[in-house]
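Q: The structure is given below, and queries will be raised subsequently.
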Amino acid sequence: MTDQPLTAVEALRAFAARHTDPAAVQALVDEATRELTGRTVVWPEDDAVPLRLFLRRHQDVSKVSGEGHIADGVQWPDGTVSIRWRGPHPKIDFCDRGVDTAEFVHGHEGLTEIVFIDQPGEAPAAAPAPAPTAAGSPAAPLVVRRVLEHALKRPVPCPKCERTAQCRCIADRTEGRIDAVLGALAPWLNSGTGEAA
Numbered sequence: 396m397t398d399q400p401l402t403a404v405e406a407l408r409a410f411a412a413r414h415t416d417p418a419a420v421q422a423l424v425d426e427a428t429r430e431l432t433g434r435t436v437v438w439p440e441d442d443a444v445p446l447r448l449f450l451r452r453h454q455d456v457s458k459v460s461g462e463g464h465i466a467d468g469v470q471w472p473d474g475t476v477s478i479r480w481r482g483p484h485p486k487i488d489f490c491d492r493g494v495d496t497a498e499f500v501h502g503h504e505g506l507t508e509i510v511f512i513d514q515p516g517e518a519p520a521a522a523p524a525p526a527p528t529a530a531g532s533p534a535a536p537l538v539v540r541r542v543l544e545h546a547l548k549r550p551v552p553c554p555k556c557e558r559t560a561q562c563r564c565i566a567d568r569t570e571g572r573i574d575a576v577l578g579a580l581a582p583w584l585n586s587g588t589g590e591a592a
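Just add 395 to wherever you are in the sequence shown, counting from 1, and you've got the numbering used here.
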């Protein structure tokens, strides 16, 4: 029986195992994977979550995609990016080296920007517990719940620089979030009947 040749990762793991503990070996393999592939190894116990993003094109050089909000995307926990194009001929692009590849291929030297909806590094919001209702009082209608859920996820501009994506300003976006929620609920609040006006 002939021995199968080792892969590069298996050889690295075997060599490192002779000199250090298993946790350090795994850290070395994870780091080598990140450097060689552009992806981070994400383990089941990691709390990493996908981040929503979109592409905003300021000038359409190719005259194909148009201008404005031209594509929606996700940066996966391992750093890779998936982009779904809008328009009559949508398609999906996968960028194995993440945002760097997306900017290199689709950025057109700054004419298209990647805008994050979700803020990198933020802990995912815990699922809210259902609010207790007083005996006999009905729960809010499902449509109101969905409108509120959408308003809570809407990007809020920074009060200093007006960017909806992550910025370097240290500013509280609470007022903007309250305005978004109140604006979404205004039809129900103003009707007085519990139905949209």
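Here a beta-carbon is modelled for each residue, glycine too, at the ideal position from N, C-alpha and C.
Please read these numbers as outputs of a predicted model, since none were measured by experiment.
1. Contact check, Gly493 vs Val469 under 8 Å by CB: the rounded distance?
2. Going straight from the alpha carbon of Leu450 to that of Pro400, what length do you get?
3. Among Asp455, Asp513, Trp471, Ala466, whose alpha-carbon lies nearest the alpha-carbon of Glu504?
4. Tell me which same chain residues have a C-beta within less than 6 Å of the C-beta of Thr435, skipping the five on either side of it?
5. Identify the continuous beta strand (DSSP E) that holds Asp467 and give its terminal residues.
6. For Glu508, which residues of its own chain have a beta-carbon under 7 Å away from its beta-carbon, when the five flanking residues on both sides are left out?
7. Please return the same chain residues whose Cβ sits closer than 7 Å to the Cβ of Ala522, not counting the five positions on each side in sequence.
8. State the Cα-Cα distance for the pair Val551 and Ala466, rounded to the nearest angstrom.
9. In whole angstroms, what is the alpha-carbon distance linking Gly482 and His501?
A: Reading off the structure:
1. Here residue 493 refers to the residue found at position 98 when the sequence shown is read from its first residue. Here residue 469 refers to the residue found at position 74 when the sequence shown is read from its first residue. Wrong, their Cβ atoms sit about 11 Å apart, outside the cutoff.
2. Taking the first residue of the sequence shown as 1, we reach residue 450 at position 55. Taking the first residue of the sequence shown as 1, we reach residue 400 at position 5. C-alpha separation (whole angstroms): 44 Å.
3. As a working note, residue 504 is residue 109 in the sequence shown. Ranking Asp455, Asp513, Trp471, Ala466 by Cα distance to Glu504 puts Asp455 first.
4. For the purposes of this step, residue 435 is identified with residue 40 of the sequence shown, where counting begins at 1. Contacts found: Arg429, Asp473, Gly474.
5. Residue mapping note: residue 467 aligns to position 72 of the sequence shown, counting from 1. Segment 463-470, the beta strand (DSSP E) holding Asp467.
6. The residue you call residue 508 lines up with position 113 of the sequence shown. Taken in chain order, the residues that qualify are Arg451.
7. Along the sequence shown, one-based indexing puts residue 522 at 127. In this prediction, Ala522 has a pLDDT of 47, which is less than 50 and means its spatial position is unreliable; nothing more can be read from the coordinates.
8. Within the sequence shown, the letter at position 156 stands for residue 551. Within the sequence shown, the letter at position 71 stands for residue 466. Computed Cα separation, rounded: 19 Å.
9. Within the sequence shown, numbered from 1, the residue matching residue 482 stands at position 87. Within the sequence shown, numbered from 1, the residue matching residue 501 stands at position 106. The alpha-carbon atoms of Gly482 and His501 are separated by roughly 16 Å.
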